[in-house]
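Inspection log for the structure reproduced underneath, given as structure tokens.
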Amino acid sequence: MDSAVLYALALTLFAGLATGLGSLVAFFTSRTNTKFLSFALGFSAGVMIYVSLVEIFVKAKDSLTAAVGETQGYAYTVMGFFGGMLLIALIDRLIPNAENPHEVKKVEDLQREPSAAEFTKLKKMGVFTALAIAIHNFPEGIATFMSALEDPQLGFAIAIAVAIHNIPEGIAVAVPLYYATGDRKRAFNLSFLSGLSEPLGAIVAYLILMPFLTDTMFGVIFAGVAGIMVFISLDELLPAAREYDETHTSIYGVVLGMAVMAVSLLLLA
Numbered sequence: 177m178d179s180a181v182l183y184a185l186a187l188t189l190f191a192g193l194a195t196g197l198g199s200l201v202a203f204f205t206s207r208t209n210t211k212f213l214s215f216a217l218g219f220s221a222g223v224m225i226y227v228s229l230v231e232i233f234v235k236a237k238d239s240l241t242a243a244v245g246e247t248q249g250y251a252y253t254v255m256g257f258f259g260g261m262l263l264i265a266l267i268d269r270l271i272p273n274a275e276n277p278h279e280v281k282k283v284e285d286l287q288r289e290p291s292a293a294e295f296t297k298l299k300k301m302g303v304f305t306a307l308a309i310a311i312h313n314f315p316e317g318i319a320t321f322m323s324a325l326e327d328p329q330l331g332f333a334i335a336i337a338v339a340i341h342n343i344p345e346g347i348a349v350a351v352p353l354y355y356a357t358g359d360r361k362r363a364f365n366l367s368f369l370s371g372l373s374e375p376l377g378a379i380v381a382y383l384i385l386m387p388f389l390t391d392t393m394f395g396v397i398f399a400g401v402a403g404i405m406v407f408i409s410l411d412e413l414l415p416a417a418r419e420y421d422e423t424h425t426s427i428y429g430v431v432l433g434m435a436v437m438a439v440s441l442l443l444l445a
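Just so we're aligned, residue 177 is where the sequence shown starts under my numbering, counting upward by one.
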């Protein structure tokens, strides 16, 4: 296993571990810093949208047009892009809203005493919440790994963006799991383990996809990565950012995220 693969795996592991950081935030702070989370989620969305449409989609198109020709290559790129969106949308549809880790929750929810009916419901919900985030994070792990393998600097930026968006996911997982078990340690462990599905996705990509990675397959996968990240930004990050804050903080984060990514790409060009 060469250093480029190890670097890509390390970045994916870093992004996944941020879920555990979110659960620690839930347990060791008394209030949710909503402005910070709103800005951070917006920043993450800005990075993902800009890099997906300006860099990843273009690289996928270049790879595919070089392999199969201009017209067919562009068609494959578009199909891969919307195929990635369809994949993550189907995953989202299969997860009920109650167990969906992207449903906004706050640290303050830990201080509220649930009713007997709520406790029973949350007890059943606990493991499913951890499973839901594991399923959600799996394709994100593939996306981070493939991006880092193609371009280490690009992969680093994406890993940071994914890690930021995993922090509130950790909060969302920790709150119902704590209610379900009454055990902070168990809630942390399960949310931590659910975040490890991201490096698991990277390992699967390495073992299954890498041996068959032609220019055509790389281009389609990379286009799918762009679609996945744009969908995550539009469907999860931006709505969650708006839920955490009523002002324009999230939009300022989006603009700054795009600007930082643009400057980074210019410097690395």
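All residues carry an ideal CB built from backbone N, CA and C; glycine is no exception.
Every value quoted in this text rests on a predicted model; they were computed, and no experiment measured them.
Outcome for residue i when other beta-carbon atoms lying within 10 angstroms are tallied against a minimum of 16
i	result
Ala184	buried
Pro387	exposed
Ala337	buried
Ile384	exposed
Glu275	Because the pLDDT of Glu275 is 47, which lies under 50, any placement of that residue in the model is unreliable, and the number read from its coordinates should be weighed accordingly. Classification for Glu275: buried.
Lys237	buried
Ala251	exposed
His278	Summary for His278: the model assigns pLDDT 49, below 50, so the residue's position carries little reliability; its value from the coordinates is reported in the next sentence. With 16 or more other Cβ atoms within 10 Å, it is buried.
Ala180	exposed
Leu189	buried
CB of residue i within 7 Å of CB of residue j, strictly
i	j	result
Met437	Val234	no
Ala191	Glu326	no
Gly245	Ile347	no
Gly196	Gly371	yes
Ser440	Ile225	no
Ala319	Ala194	no
Ser214	Ala378	no
Leu217	Leu413	yes
Ile267	Ile311	yes
Asp391	Ala243	yes
Phe332	Ala381	no
Leu240	Thr253	yes
Phe407	Met261	yes
Leu432	Phe219	yes
Limits of the unbroken alpha helix (DSSP H) element including residue i
i	result
Phe257	Glu246 to Leu270
Ser373	Ser373 to Val380
Val406	Asp391 to Ile408
Same chain only: Cβ atoms within 7 Å of residue i, ignoring 5 sequence neighbours per side
i	result
Gly461	Because the chain spans 177 through 445 in this model, residue 461 falls outside it and cannot be assessed.
Leu330	Val227, Glu231 and Ser323
Residues of its chain near residue i, where Cβ-Cβ distance is below 6 Å and the 5 sequence neighbours each way are ignored
i	result
Met434	Gly222 and Tyr226
Ala350	Ser199, Ala202, Ala363 and Ser367
Thr425	Lys211, Ser214 and Phe215
Asn122	This structure leaves residue 122 out entirely; the chain is present only between 177 and 445.
Within-7 Å CB hit, residue i to chain D
i	result
Leu197	Of the chains in the structure shown, none is chain D; there is only one protein chain.
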